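Below is one structure, written out as structure tokens; the observations come after it.
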Amino acid sequence: MKKIALALLTMMGGTIFFNSCSKDFLKPDPLSFYEPALTFTTEEGLQSVLAFCDRHIKLYYAADHGELLPIGTEYMFSDLMVSAATDRARMLSDMANELTPTSLDIGSDQRLFQSLSQTNSIWHFWHETYYVIMQANTVIQYVDDIETLDEETKNMYKGRAYFHRAFRYLNLVFQFGDVPLLTKVAQVPKLNYRSTKRDAILQMITQDMEQAVEWVPEQSEMKSRGMVNKGACRMLLTKCYLALGEFEKAKVQTDILIDQSGYALITGDSFGTFNDGGEPRTWPITRNIIWDMHRAENKLIAANREVILGIPNRGSDKESFTKMVTMRILYPFLFDTKVKTKDGKQALLNLTRSHADYNPQYDYMRAMGRGIATWRPTYFQTHDLWKVNGRMDETDLRHSSAVGNWIRMEDYRVNNKASSEFGNPLTLRDDSGNELCSDTIRRWFDVPHYKFYLDDPVNEANINSNGYQGATNGGIADWYLYRLAEAYLLRAEAKFYLGDAAGAADDVNEIRKRAKCTELYQGTVTIGDIMDERARELYWEEWRNVELTRVSLCLARSGKPDEWGNTYNVDNFDKQQGTDPNGGSYWYQRIVHHSFYNKYNTPIIVDATGKNAILYTMDKKNIYWPIFSASITANSKGRLAQNYGYDGYDPATPKWETWEEAIADEDNTGG
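Printed below as a string of structure tokens:
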């Protein structure tokens, strides 16, 4: 059985993570190789594997990859973020040219792989997804063999496993397109897999989630949070229905979530425990509902009726906690000589609390962390997104510096006593118009502080620390996976496809009212308005790339126009190529309208040496990531289909048209 599991994972993507040049990745994870016949003799064995699946939801968002959080890859393939680690020898930003079946592949040039892989998690998603699918399949296959369980209990466990499998497959088909469908535990090595069409997989997981909604209990009937519940199953089923064009069914599920399931939006002026933000003398927080509801310590408390499914991430051991170093990765890189004052001095110094010149009014390290900007937001995300009805909404708490939720570069003040500008706001240009920041990609952008701020207990305990990063060992980094605000926005989307744009506007406005917005949508909304509100409300929560691709399919199925009047065809929205501004999918149109991609014909020089020149490109074909050549090659007795536009694409490659065909073939090893 161990050899079978190893062969399967190798074919589907291997078990290798290149965190460093060491060979620790050769050590197998014992959890991959349990013997099902022994594990599933008791209910406890079943629970342990489902707990493993629950835990691994967290590893989609945060994994021990150093200066890289996996969810960031989802955002760099969207309208909201780009890579910003400009000191890397090879930063994945030139997607049109550098994203290939071999560029991120084990077996290609290892120097290229390791450099590019340090700025994205594409390989991680492929491996992690199939890794957990294997665990979920084991639960589904063996649960009926536990004779001590009654039928209702077996179905409950089966429903949770269905959720985990469907959650992974929904993401997988909108990241990689047509992929192999695995639903069984392999008894012998299988090397003749065939890709299964996206819609077939969607149909299977929709059917599974219909069962899960019936079988899995409500959160109110459960003692613990963080385990799959009925509300989470409804959320996932809603997305499945939307993807299949079953818009009325999707609306029904969100109606139940909003009106009949006991959930409620967090409202009022405050909620839960107040966190003062690290150093209030530097950056004071005026307590407000948006700040409070996004504090990690408030996300999973019993009083939080908005959370549908949260991700527990706290404790000090590896099983219960993974570092969430948001303040390291997502804040601008400020503490060096590339950010200067008008009189030529370094603007911001990194002073520890033990330093003689330390001043708590300028302790940006504790208040905002020591950022290195692995990624940065687009100008659209920080500025244009916040306009509604053609006007900047000045009262939106999610974009408010006045209450401390949002940080603009001008909010930093020079803390270098050697400068005549000491105490003055940072400025981008001097009086002659010369830029004072030599790398604005990495060092000059706004931050949604209320989303990214996390306590750093390790560095807080050390008065000599100069490296605040976010949630380190022993910290709290609980996160939202699904909450009721998204159910409102999914219902708005379903109403839009059904021709009820006025009803959709009402749902979007419910979210805006909670954020104390002045500008509300008047009478109707476009799909762009809904996706904009998702970007405002669900930033760094939703899987942005997956959601944009899913909505691209929904628009094509519905025939509804996007905000620019474009309509899409199911047959070709994801089968186009090129970097020109016309055509492609809705995913592509959002990117070319709102991001840095395809805006510059020549590389951006980020330092005087010209060593690192950055080119931001995105191709229409990049709506799906390439299938790794190593996985195709390992499938030596069959053919996996490569995605459109990439080397190896062949439209004649056979695929399973239905999920029933794919399942029937799983026992066929081609021997």
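For my numbering, add 11 to where a residue sits in the sequence shown, where the first one is 1. Positions of the beta carbon are idealized from the N, C-alpha and C atoms, including for glycine. All figures in this text were calculated on a predicted structure; none of them were measured in a lab.
Extent of the continuous alpha helix (DSSP H) to which residue 11 belongs: There is no way to answer for residue 11, as the model of the chain reaches only from 12 to 682.
Length of the line joining the Cα atoms of residue 261 and residue 671: Taking the sequence shown and counting its residues from 1, one reaches residue 261 at position 250. Taking the sequence shown and counting its residues from 1, one reaches residue 671 at position 660. Cα to Cα, residue 261 sits roughly 24 Å from residue 671.
Neighbourhood of residue 282 by C-beta distance below 8 Å, restricted to the same chain and skipping five residues each side: As a working note, residue 282 is residue 271 in the sequence shown. Excluding sequence positions up to five before and after residue 282, its CB lies within less than 8 Å of the CB of 300, 303, 304, 309, 314, 315, all in the same chain and listed in chain order.
Proximity of residue 665 and residue 653 at Cβ, strictly below 8 Å: The residue you call residue 665 lines up with position 654 of the sequence shown. The residue you call residue 653 lines up with position 642 of the sequence shown. Their beta carbons are not under 8 Å apart, which means residue 665 does not touch residue 653 by this criterion.
When 97, 435, 322 are compared against residue 373, the one with the closest alpha-carbon: Taking the sequence shown and counting its residues from 1, one reaches residue 373 at position 362. Its Cα nearest to that of residue 373, the residue 435 stands out among 97, 435, 322.
C-beta atoms of residue 290 and residue 147 nearer than 8 Å: Stepping through the sequence shown from its first residue, residue 290 is reached at position 279. Stepping through the sequence shown from its first residue, residue 147 is reached at position 136. No, Cβ-Cβ distance for residue 290 and residue 147 is not below 8 Å.
Whole beta strand (DSSP E) elements within the segment 89–171, 3-residue minimum: Runs found: 92–94.
Residue 388 - containing beta strand (DSSP E), residue span: The residue given as residue 388 occupies position 377 in the sequence shown. Run containing residue 388: 386–388, per the beta strand (DSSP E) assignment.
For residue 616, three-class secondary structure by DSSP: Position 605 of the sequence shown, counted from the first residue, corresponds to residue 616. Residue 616: strand per DSSP, three-state reduction.
Same chain only: Cβ atoms within 8 Å of residue 615, ignoring 5 sequence neighbours per side: For the purposes of this step, residue 615 is identified with residue 604 of the sequence shown, where counting begins at 1. Cβ neighbours of residue 615 beyond the five flanking positions: 452, 624, 625, 626, 627.
Straight-line gap, residue 338 to residue 583 (C-alpha atoms, nearest Å): Numbered from its first residue, the sequence shown carries residue 338 at position 327. Numbered from its first residue, the sequence shown carries residue 583 at position 572. Their Cα atoms are separated by approximately 41 Å.
Three-state class that DSSP yields for residue 24 in the structure shown: By one-based count along the sequence shown, residue 24 stands at place 13. With a pLDDT of 37 at residue 24, under the threshold of 50, the modelled position of that residue is not reliable, and no figure is offered here.
Alpha carbon of residue 354 to alpha carbon of residue 362, nearest angstrom: Counting from one through the sequence shown, the residue named residue 354 turns up at place 343. Counting from one through the sequence shown, the residue named residue 362 turns up at place 351. Looking at the two C-alpha atoms, the distance is approximately 20 Å.
7 Å Cβ shell around residue 403 - same chain, five flanking residues per side excluded: For the purposes of this step, residue 403 is taken as the residue at position 392 of the sequence shown. Closer than 7 Å at the Cβ level, and outside the excluded window around residue 403, lie 397.
Cutoff 6 Å; reference residue 429; Cβ partners in own chain excluding five residues on either side: In the sequence shown, counting from the first residue as 1, residue 429 sits at position 418. Close CB contacts of residue 429 within its chain, under the 6 Å cut and outside five residues either way in sequence, are with 356 (chain order).
Straight-line Cα distance separating residue 164 from residue 530: Numbered from its first residue, the sequence shown carries residue 530 at position 519. Numbered from its first residue, the sequence shown carries residue 164 at position 153. Take the alpha-carbon of residue 530 and the one of residue 164: they are about 49 Å apart.
Bridge-paired residues (DSSP) for residue 206: Along the sequence shown, one-based indexing puts residue 206 at 195. For residue 206, which the question treats as bridged, DSSP gives the partners 191.
Residue 321 - containing alpha helix (DSSP H), residue span: The sequence position of residue 321 within the sequence shown is 310, counting from 1. Counting along the chain, no alpha helix (DSSP H) covers residue 321; the unbroken beta strand (DSSP E) around it starts and ends at 318–322.
Beta-carbon gap between residue 491 and residue 381 smaller than 8 Å: Here residue 491 refers to the residue found at position 480 when the sequence shown is read from its first residue. Here residue 381 refers to the residue found at position 370 when the sequence shown is read from its first residue. Going by C-beta atoms, residue 491 is not nearer than 8 Å to residue 381.
Proximity to residue 133 [Cα-Cα], best of 90, 82, 158: Indexing the sequence shown from 1 puts residue 133 at position 122. Nearest option by C-alpha distance: 82.
Rounded C-alpha distance that separates residue 487 from residue 466: The residue you call residue 487 lines up with position 476 of the sequence shown. The residue you call residue 466 lines up with position 455 of the sequence shown. Whole-angstrom Cα-Cα distance: 7 Å.
Pair within 8 Å by beta-carbon distance, residue 60 and residue 149: Counted from its first residue, the sequence shown places residue 60 at position 49. Counted from its first residue, the sequence shown places residue 149 at position 138. Yes; because the gap between Cβ atoms is below 8 Å, this pair is in contact.
Residue 360 beta carbon less than 8 Å from that of residue 350: The residue labelled residue 350 in the question sits at position 339 within the sequence shown. The residue labelled residue 360 in the question sits at position 349 within the sequence shown. For the 8 Å CB-CB criterion, residue 350 and residue 360 do not form a contact.
For residue 650, the three-state DSSP class (helix, strand or coil): Position 639 of the sequence shown, counted from the start, is the residue given in the question as residue 650. In the structure shown, residue 650 sits in coil (DSSP, three-state: anything other than H, G, I, E or B).
Three-state class that DSSP yields for residue 482 in the structure shown: Here residue 482 is taken as the residue at index 471 of the sequence shown, counted from 1. Looking at residue 482 - three-state DSSP - the assignment turns out to be strand.
Nonlocal neighbours in the same chain, by C-beta distance under 6 Å from residue 569, ignoring five residues either side: Residue numbering aside, residue 569 sits at position 558 when the sequence shown is read from its first letter. Once the five neighbours on either side are set aside, the close Cβ partners of residue 569 are 508.
Rounded straight-line distance, which links the Cα of residue 608 to that of residue 633: Position 622 of the sequence shown, counting from 1, holds the residue named residue 633. Position 597 of the sequence shown, counting from 1, holds the residue named residue 608. Their Cα atoms are separated by approximately 12 Å.
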